[in-house]
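**Q** Counting the sequence shown from 1 gives a position; the numbering used here is that position plus 8.
Backbone N, C-alpha and C fix where the C-beta goes; we use that ideal spot for every residue, glycine too.
For reference, the structure I am asking about is given below.
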Amino acid sequence: MNAPLYIKIKETDNVAITVDMIKKGTIVLDDILANEDIPQGHKIALIDIPQNGEIIRYGVILGYAVKDIKKGDWINEKMLELPQPPDVGDMKFGVNLTTELPKAPIRTFEGYKNKKGGYAGTRNILGISTTVQCVTGVLNVAVEKMKRELLPKYPNVDDIVPINHAYGCGVAINAPEAIIPIRALKNMVNNPNFGGEIMVVALGCEKLTVEMLIEKAEISSENVIILQELEGFNAMMEALMQMAEKKLKILNERKRETLPLSELCIGMQCGGSDAFSGITANPSAGYASDMLVEAGATVMFSEVTEVRDGVHVIAERCINQEVVKKLANEMQWYDRYLENGAVDRSANPTPGNKLGGLSNIVEKAMGSIAKSGMAPIVEVLSPGERPSKKGLIYAATPASDIVCGPMQLASGITLQVFMTGRGTPYGLAAAPVIKVSSRTNLKDSWNDLIDVNAGVIATGHATISEVGTELFNLIIDVASGKKKPWAEQYKLYNDLCIFNPAPIT
Ligand code: CA
Numbered sequence: 009m010n011a012p013l014y015i016k017i018k019e020t021d022n023v024a025i026t027v028d029m030i031k032k033g034t035i036v037l038d039d040i041l042a043n044e045d046i047p048q049g050h051k052i053a054l055i056d057i058p059q060n061g062e063i064i065r066y067g068v069i070l071g072y073a074v075k076d077i078k079k080g081d082w083i084n085e086k087m088l089e090l091p092q093p094p095d096v097g098d099m100k101f102g103v104n105l106t107t108e109l110p111k112a113p114i115r116t117f118e119g120y121k122n123k124k125g126g127y128a129g130t131r132n133i134l135g136i137s138t139t140v141q142c143v144t145g146v147l148n149v150a151v152e153k154m155k156r157e158l159l160p161k162y163p164n165v166d167d168i169v170p171i172n173h174a175y176g177c178g179v180a181i182n183a184p185e186a187i188i189p190i191r192a193l194k195n196m197v198n199n200p201n202f203g204g205e206i207m208v209v210a211l212g213c214e215k216l217t218v219e220m221l222i223e224k225a226e227i228s229s230e231n232v233i234i235l236q237e238l239e240g241f242n243a244m245m246e247a248l249m250q251m252a253e254k255k256l257k258i259l260n261e262r263k264r265e266t267l268p269l270s271e272l273c274i275g276m277q278c279g280g281s282d283a284f285s286g287i288t289a290n291p292s293a294g295y296a297s298d299m300l301v302e303a304g305a306t307v308m309f310s311e312v313t314e315v316r317d318g319v320h321v322i323a324e325r326c327i328n329q330e331v332v333k334k335l336a337n338e339m340q341w342y343d344r345y346l347e348n349g350a351v352d353r354s355a356n357p358t359p360g361n362k363l364g365g366l367s368n369i370v371e372k373a374m375g376s377i378a379k380s381g382m383a384p385i386v387e388v389l390s391p392g393e394r395p396s397k398k399g400l401i402y403a404a405t406p407a408s409d410i411v412c413g414p415m416q417l418a419s420g421i422t423l424q425v426f427m428t429g430r431g432t433p434y435g436l437a438a439a440p441v442i443k444v445s446s447r448t449n450l451k452d453s454w455n456d457l458i459d460v461n462a463g464v465i466a467t468g469h470a471t472i473s474e475v476g477t478e479l480f481n482l483i484i485d486v487a488s489g490k491k492k493p494w495a496e497q498y499k500l501y502n503d504l505c506i507f508n509p510a511p512i513t
């Protein structure tokens, strides 16, 4: 099969994306000749575009030409001026509610039922929560010892994960926005992968008190260790080891059972995106997401700055006014947050995104939204909130990979699917992460880091539904503990960077 030289998404597009590097003089189509060498994944003009003319991809205006562009020219990020972001004040909702989703080939998975109810776990982990960064050193030493001496005795437990974070003290704990990190850490304690077992390590004089982290009924010497109440390092080690062993004994009794997919909650995010992300990896993830939602599962997608410029497209898929109103509120909150920091939307994309062919945030947004598939959006969550509904959910978090991951964990995901074009070895300790590449050359060079290659869509070797189905099946196998993605096999775990928009003192 001859691979196409370029990919055009919508009929109205006046640019296309090069599938591979194109040499100057190459005939791209009929009367279109490449006027210069064009890198892989970059835009080529399909018609003459005058200065100030619209540059259109995905059927939306990516920007306006800063100078005359000739048919066959390479359009790089310096040649577009950003359009105004869509106004969120009066967005249409409920006008694009797809009811026909691709049918899921499997409707159950093997998960760990949660004694507190809610979603089931995909892993059986002892999660050790902390109130403050000050305890991290002691806890990390103890966790190493627990993994060496205790974990092998409890084979049904997958891992021991300390929830270390930078929050807890030296912060303006009563600042209005402090609700975000506090809520995130509080909800993190109850991630379904931790099986409802509570173990909290506190210092004793921090601002984030144990009372702010867990329920009153849960505060006891069975669940909480306060380091300042113990006589030195050895006593701390002993207390930590003893409590961990009690929890491990209980967790070891958990068994996987066949559960409906309505008990599964997963997250989607992308990072290190390129121009292929929106054509290959993200639409495949969207297809898998639609299948999961069709079978009753919950799927979250996030990354505010990456949907902001396509938010009107998302609004049309919101099921009612309440959902679209919350969507608008979250977008406005983030607009103000960026404004206060004196940055604008051009702070995203990254230089790597631009090298990959993504000129600006509009182009990145339209590609990013593709990972949400077509399903209606039933709920919008503030950062770190837990869902009250099942189905496709928009969880408003920063786009930063290492912040989006922990914030989705706080919202209750038990597995994450991560799409990448440039490549990142990203992973989470508390939930398995499946990585999907947007280009075949990334899969070729990172064969032992990428789990699914969606690049075959660009070269015409597979369709979006084929790769989407492959990804869906892998999600079920990983959720059921039958397979481990690469990042989990190597234990490539990023730090838990909780979103804290409030002042640090
Ligand atoms: Ca991201």
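In this structure, does DSSP put residue 226 in helix, strand or coil?
**A** Against the sequence shown, residue 226 aligns to sequence position 218. Correct three-state label for residue 226: helix.
**Q** Given residue 9, which residues of its chain have a CB within under 6 Å of its CB, disregarding the five upstream and five downstream residues?
**A** Start at 1 with the first residue of the sequence shown, and residue 9 comes out as number 1. Here residue 9 scores only 45 on pLDDT, less than 50, and its place in the model should not be relied on; the value that follows carries that caveat. Closer than 6 Å at Cβ, skipping near neighbours: 468.
**Q** Identify which residue in 357, 330, 452 has its Cα closest to the Cα of residue 98.
**A** One-based indexing of the sequence shown puts residue 98 at position 90. Measuring from the Cα of residue 98, the nearest candidate turns out to be 330.
**Q** Taking 7 Å as the cut-off, is the beta-carbon of residue 416 closer than that to any non-hydrogen atom of ligand 2?
**A** Summarising the ligand content, the structure contains ligand 1 and does not contain ligand 2.
**Q** What alpha helix (DSSP H) runs, 4 residues minimum, are completely inside the segment 248–305?
**A** The qualifying runs are 289–302.
**Q** Looking at residue 297 and ligand 1, is the gap between the Cβ and the nearest heavy atom below 7 Å?
**A** The count along the sequence shown starts at 1 and reaches residue 297 at position 289. Answer for residue 297: no, Cβ out of range of ligand 1.
**Q** Which residues does DSSP pair with residue 387 in a beta bridge?
**A** One-based indexing of the sequence shown puts residue 387 at position 379. 401.
**Q** Does the separation of the CB atoms of residue 32 and residue 44 fall below 8 Å?
**A** One-based indexing of the sequence shown puts residue 32 at position 24. One-based indexing of the sequence shown puts residue 44 at position 36. Closer than 8 Å, so yes.
**Q** Return helix, strand or coil for residue 411, following the three-state DSSP convention.
**A** Position 403 of the sequence shown holds residue 411. Reduced to three states, the DSSP call for residue 411 is helix.
**Q** Cβ atoms of residue 248 and residue 233: under 8 Å apart, would you say?
**A** Taking the sequence shown and counting its residues from 1, the one referred to as residue 233 is at position 225. Taking the sequence shown and counting its residues from 1, the one referred to as residue 248 is at position 240. Taking 8 Å as the Cβ cut-off, residue 233 and residue 248 qualify as a contacting pair.
**Q** In whole angstroms, what is the alpha-carbon distance linking residue 390 and residue 102?
**A** For the purposes of this step, residue 390 is identified with residue 382 of the sequence shown, where counting begins at 1. For the purposes of this step, residue 102 is identified with residue 94 of the sequence shown, where counting begins at 1. Whole-angstrom Cα-Cα distance: 21 Å.
**Q** For residue 9, does the three-state DSSP call read helix, strand or coil?
**A** In the sequence shown, counting from the first residue as 1, residue 9 sits at position 1. With a pLDDT of 45 at residue 9, under the threshold of 50, the modelled position of that residue is not reliable, and no figure is offered here.
**Q** According to the neighbour-count rule (16 or more other Cβ atoms, all chains shown, within 10 Å of its Cβ), is residue 499 buried or exposed?
**A** As a position in the sequence shown, residue 499 is number 491, starting the count at 1. Exposed, because fewer than 16 other Cβ atoms sit within 10 Å of the Cβ of residue 499.
**Q** Out of 436, 472, 343, 430, point me to the one whose CA is closest to residue 452's CA.
**A** For this step, residue 452 is matched to residue 444 along the sequence shown. Closest option to residue 452, Cα to Cα, is 430.
**Q** Could you pull the start and end residues of the alpha helix (DSSP H) that residue 71 belongs to?
**A** Your numbering for residue 71 matches position 63 in the sequence shown. Per DSSP, residue 71 belongs to no alpha helix (DSSP H); it is in the beta strand (DSSP E), 68–73.
**Q** Assuming residue 334 and residue 388 are in contact, meaning their beta carbons sit under 8 Å apart, how far apart are those beta carbons, in whole angstroms?
**A** As a working note, residue 334 is residue 326 in the sequence shown. As a working note, residue 388 is residue 380 in the sequence shown. Correct: roughly 4 Å between the Cβ atoms.
**Q** Just the Cα atoms here: how many angstroms apart are residue 340 and residue 460?
**A** For this step, residue 340 is matched to residue 332 along the sequence shown. For this step, residue 460 is matched to residue 452 along the sequence shown. Rounded to whole angstroms, residue 340 to residue 460 spans 35 Å at the Cα level.
**Q** Going by DSSP, what residues sit across from residue 41 in a beta bridge?
**A** Counting from 1 along the sequence shown, the entry for residue 41 is found at position 33. DSSP lists 35 as partners of residue 41.
**Q** Can you have a look at residue 278 and say buried or exposed, based on whether 16 or more other CB atoms are within 10 angstroms of its CB?
**A** Walking along the sequence shown from the start, residue 278 turns up at place 270. Residue 278 comes out buried.
**Q** Does the Cβ-Cβ distance between residue 426 and residue 441 come in under 8 Å?
**A** The residue given as residue 426 occupies position 418 in the sequence shown. The residue given as residue 441 occupies position 433 in the sequence shown. Yes, the pair counts as a contact, with Cβ atoms nearer than the cut-off.
**Q** Following a CB-centred definition, is residue 521 positioned closer than 7 Å to any heavy atom of ligand 1?
**A** Because the chain is modelled from 9 through 513, residue 521 falls outside the range shown and cannot be assessed.
**Q** I need the DSSP call for residue 509, collapsed to helix, strand or coil.
**A** Locating residue 509 in the sequence shown gives position 501, where the first residue counts as 1. Reduced to three states, the DSSP call for residue 509 is coil.
**Q** Is it a yes or a no for the segment 189–205 touching the segment 155–175, going by three-plus beta-carbon pairs under 8 Å?
**A** Touching, per the Cβ criterion.
**Q** Since residue 345 sits in a beta bridge, which residues does DSSP pair it with?
**A** Translated into positions along the sequence shown, residue 345 becomes position 337. Note: residue 345 sits in no beta bridge, so no partner.
**Q** What is the rounded straight-line gap between the Cα of residue 94 and the Cα of residue 239?
**A** One-based indexing of the sequence shown puts residue 94 at position 86. One-based indexing of the sequence shown puts residue 239 at position 231. Cα to Cα, the separation comes out at about 59 Å.
**Q** Between the segment 285–300 and the segment 373–382, are three or more C-beta pairs nearer than 8 Å?
**A** Taking 8 Å as the limit for Cβ pairs, the verdict is that the segment 373–382 does touch the segment 285–300.
**Q** Locate the alpha helix (DSSP H) running through residue 373, then write down its first and last residues.
**A** Within the sequence shown, numbered from 1, the residue matching residue 373 stands at position 365. Unbroken alpha helix (DSSP H) run through residue 373: 369–377.
**Q** Taking 7 Å as the line, does the beta carbon of residue 277 fall inside it for any heavy atom of ligand 1?
**A** What you label residue 277 is simply residue 269 of the sequence shown in a count that begins at 1. Yes, since a heavy atom of ligand 1 falls inside the 7 Å radius drawn around the Cβ of residue 277.
**Q** Going by Cα to Cα distance, which pick from 359, 138, 68, 263 is closest to residue 123?
**A** Here the question's residue 123 lines up with position 115 in the sequence shown. Checked all of 359, 138, 68, 263; the closest Cα to residue 123 is 263.
**Q** Cβ of residue 311 versus every heavy atom of ligand 1: is any distance shorter than 7 Å?
**A** Translated into positions along the sequence shown, residue 311 becomes position 303. Within the cutoff, so yes.
**Q** Kindly indicate which three-state DSSP category residue 483 falls into: helix, strand or coil?
**A** Taking the sequence shown and counting its residues from 1, one reaches residue 483 at position 475. Residue 483 falls in the helix class under three-state DSSP.
**Q** For residue 416, count the other beta carbons within 10 Å of its own beta carbon; 16 or more makes it buried, fewer makes it exposed. Which is it?
**A** Translated into the one-based positions of the sequence shown, residue 416 becomes position 408. Its Cβ being crowded by 16 or more others within 10 Å, residue 416 is buried.
**Q** Tell me, to the nearest whole angstrom, how far the beta carbon of residue 273 is from that of residue 422; I am working on the premise that it is less than 8 Å.
**A** Against the sequence shown, residue 273 aligns to sequence position 265. Against the sequence shown, residue 422 aligns to sequence position 414. With 8 Å as the limit, residue 273 and residue 422 qualify as a contact, their Cβ atoms being about 6 Å apart.
**Q** Might you give, ordered along the chain, the residues of its own chain that have their beta carbon closer than 7 Å to the beta carbon of residue 373, omitting 5 neighbours on each side?
**A** Along the sequence shown, read from residue 1 onward, the residue named residue 373 stands at position 365. Cβ within range, chain order: 314, 315, 316, 317, 318.
**Q** Using a threshold of 8 Å, state whether the C-beta atoms of residue 463 and residue 446 are closer than that.
**A** Numbered from its first residue, the sequence shown carries residue 463 at position 455. Numbered from its first residue, the sequence shown carries residue 446 at position 438. Their beta carbons are under 8 Å apart, which means residue 463 touches residue 446 by this criterion.
**Q** So, residue 519 versus residue 283, is the Cβ gap smaller than 8 Å?
**A** Residue 519 lies beyond the range of the chain shown here (9 to 513); nothing can be said about it.
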